[in-house]
Amino acid sequence: MASQIAKHWSQAPAYVPAIPIPMQSSVATVLLLVGLLLTALFSITDNKGVLGAAKQMAIAIPASVSLGFGFVVLLCAVGVYI
Numbered sequence: 001m002a003s004q005i006a007k008h009w010s011q012a013p014a015y016v017p018a019i020p021i022p023m024q025s026s027v028a029t030v031l032l033l034v035g036l037l038l039t040a041l042f043s044i045t046d047n048k049g050v051l052g053a054a055k056q057m058a059i060a061i062p063a064s065v066s067l068g069f070g071f072v073v074l075l076c077a078v079g080v081y082i
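Here the sequence shown stands for residues 1 to 82, where the numbers follow UniProt numbering.
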């Protein structure tokens, strides 16, 4: 069993990241800046009425996604592969 696993391990193709390693810090910086700017915009947006709530959701969702992916790419850029 162990020899089969070792055989499959040695024959498996090498991992190729979706974002090239030299670009990861730049991509992380851009995503985090966009997320922080959208977060600041969210905090100053008027939230009165149904349109205000829809506007806040239209800002909050991209901010959250941008910050989430930005932190993951930042961790990968510094060598913490999650």
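All residues carry an ideal CB built from backbone N, CA and C; glycine is no exception.
In the three-state scheme derived from DSSP, where H, G and I count as helix and E and B as strand, Lys48 is classed as coil. Cβ atoms of Val73 and Ala28 come within 8 Å of each other, at about 4 Å.
Here Gly35 is buried. Its C-beta has 16 or more other C-beta atoms within 10 Å. Setting aside the 5 residues that flank it on each side, Ser25 is surrounded in the same chain by Ala77, each with a C-beta closer than 6 Å to its C-beta; the list follows chain order.
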